[in-house]
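Quick note: to get this note's numbering, add 6 to the position in the sequence shown (first position is 1). Scroll down for the structure; my scribbles are underneath it.
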Amino acid sequence: KLLHAKTVIGIAGTDEKCRWVESLGADKCLNYKSSTFAKDLIAATPDFADVYFDNVGGEILDLMFSRMARYGRIAACGAISNYNNSADKTVGLKNWFEVISMRIEVRGFIVIDYLHKIQEVSEIFKKGIEDGTLQVGDEGEHVVDTKFEDVPKTWVKLFEGANQGKLVTKLV
Numbered sequence: 007k008l009l010h011a012k013t014v015i016g017i018a019g020t021d022e023k024c025r026w027v028e029s030l031g032a033d034k035c036l037n038y039k040s041s042t043f044a045k046d047l048i049a050a051t052p053d054f055a056d057v058y059f060d061n062v063g064g065e066i067l068d069l070m071f072s073r074m075a076r077y078g079r080i081a082a083c084g085a086i087s088n089y090n091n092s093a094d095k096t097v098g099l100k101n102w103f104e105v106i107s108m109r110i111e112v113r114g115f116i117v118i119d120y121l122h123k124i125q126e127v128s129e130i131f132k133k134g135i136e137d138g139t140l141q142v143g144d145e146g147e148h149v150v151d152t153k154f155e156d157v158p159k160t161w162v163k164l165f166e167g168a169n170q171g172k173l174v175t176k177l178v
């Protein structure tokens with residue numbers, strides 16, 4: 007909503023996380039672990055999606071290809087669903103033809119490519135915090151006290167869904 011989106015749909019791995027995402031301003035949040043996720047996504051996007059910000063790749067991205075509007079845009083920022091998979095277990099994309107038939111633009115997104123816009127974006131965020139459009143609080147961080155030698159075990163929590171918001175490793 008901060009950037010004038012008509013509808014914002016979040017995706018999270020538990021109903022509790024979905025309620026949190028909605029408290030941040032999303033119109034709706036879908037639990038991707040639900041047995042009805044695909045049906046829920048179809049119902050939530052009757053007019054299809056113009057923009058999708060992807061962090062996970064895999065099956066969710068594949069399903070989103072079929073929910074994109076003609077000339078839709080996808081910002082690909084991550085592929086966590088396949089980070090720990092061996093080549094033979096990597097989830098492929100079955101709906102790639104949708105990119106062609108719907109003329110979908112898929113572009114990699116790395117935040118450092120936009121450092122030249124940091125002042126502009128900072129002003130947008132500042133205004134959003136001031137007018138209540140953007141909610142910021144401690145619940146958006148999951149801080150884990152960790153010894154240096156235990157950092158890999160802490161980071162595995164990202165793949166287990168143990169965190170809400172960003173996972174912050176605090177060395178102790």
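Beta carbons are placed, not taken as given, at the ideal position from N, Cα and C, and that holds for glycine.
1. Using C-beta distances below 8 Å, list every residue in its chain close to Glu104, excluding the 5 sequence neighbours before and after it, in chain order.
2. Inspect the CB distances between the region 60–67 and the region 76–87 and report whether three or more fall short of 8 Å.
3. If you check the beta carbons only, do Trp173 and Thr152 fall under 8 Å apart?
4. Roughly how many angstroms separate the alpha carbons of Lys132 and Leu99, rounded to a whole number?
5. Taking the continuous alpha helix (DSSP H) assigned at Phe154, which residues delimit it?
6. How about Phe115 and Ala82: are their beta carbons less than 8 Å apart?
7. Could you give the distance in angstroms between the alpha-carbon of Tyr120 and the alpha-carbon of Ser128?
Let's see:
1. Phe71, Ser72, Met74 and Ile110
2. Yes: the two stretches touch, three or more of their Cβ pairs being nearer than 8 Å.
3. The sequence given here places Leu at residue 173; Trp does not occur at that position. Going by C-beta atoms, Leu173 is not nearer than 8 Å to Thr152.
4. Take the alpha-carbon of Lys132 and the one of Leu99: they are about 38 Å apart.
5. Here Phe154 belongs to no alpha helix (DSSP H), and DSSP marks it neither H nor E.
6. Closer than 8 Å, so yes.
7. Separation of Tyr120 and Ser128 (C-alpha to C-alpha, rounded to the nearest whole angstrom) is 12 Å.
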